[in-house]
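Here the numbering used here runs 10 ahead of the position in the sequence shown, where the first position is 1.
Here the structure comes first, spelled out in structure tokens, and everything after it is commentary.
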Amino acid sequence: MPDNKEKFEQLNKVIEELKDQPGALMPVMQQAQNIFGCVSLDVQKAIAEGLGVTLSEVYGVATFYSQFKLKPTGKYVISVCLGTACYVKGSQKILDR
């Protein structure tokens, strides 16, 4: 598993490849999340600096789109459907366990 320095080097390569494209922020952030597992404040700062945008712009995108995580998530993500049909079949009982 690469250490943080190697991960930031990967991110910088991605930024260099994409920085001149219009709308580069989203693809850079997606790649950053793939590299780091989340888009933490340090990663956001590196993206802002590399793309020449403000940190608040990067943070705004990170918090607007649910696909971006600001903190690392667990290895396994378990979700339980709480829609009407699932709820009637007992999904709340499973969630309460």
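Beta carbons: idealized from backbone N, C-alpha and C, even for Gly.
Using the three-state DSSP reduction, which class does residue i fall into: helix, strand or coil?
i   : result
T94 : helix
P32 : coil
Enumerate in chain order the residues of its own chain whose CB-to-CB distance from residue i is below 7 Å, with the five nearest sequence positions on each side excluded.
i   : result
A56 : F18, L21
Can you find a heavy atom of the ligand NAP that lies under 7 Å from the Cβ of residue i?
i   : result
Q40 : The ligand content of the structure shown is nil, which means the ligand NAP is not present either.
Among the candidates the options, whose CA atom is the shortest distance from the CA of residue i?
i   : options             : result
N14 : G70, I45, K103, C96 : I45
P12 : Q31, K81, V38, G47  : G47
P82 : L28, L51, V71       : L51
Q43 : T73, L80, P32, C96  : L80
Between residue i and the rest of its own chain, which residues show a CB-CB distance below 6 Å, the 5 nearest in sequence each way excluded?
i   : result
Q41 : V24
Below 8 Å between beta carbons: does that hold for residue i and residue j?
i   : j   : result
I35 : L61 : As written in the sequence, residue 35 is Leu, which differs from the Ile given in the question. Yes, the Cβ-Cβ distance between L35 and L61 is below 8 Å.
V68 : Q54 : yes
So is residue i in contact with chain C if we call contact Cβ pairs under 8 Å?
i   : result
F74 : Of the chains in the structure shown, none is chain C; there is only one protein chain.
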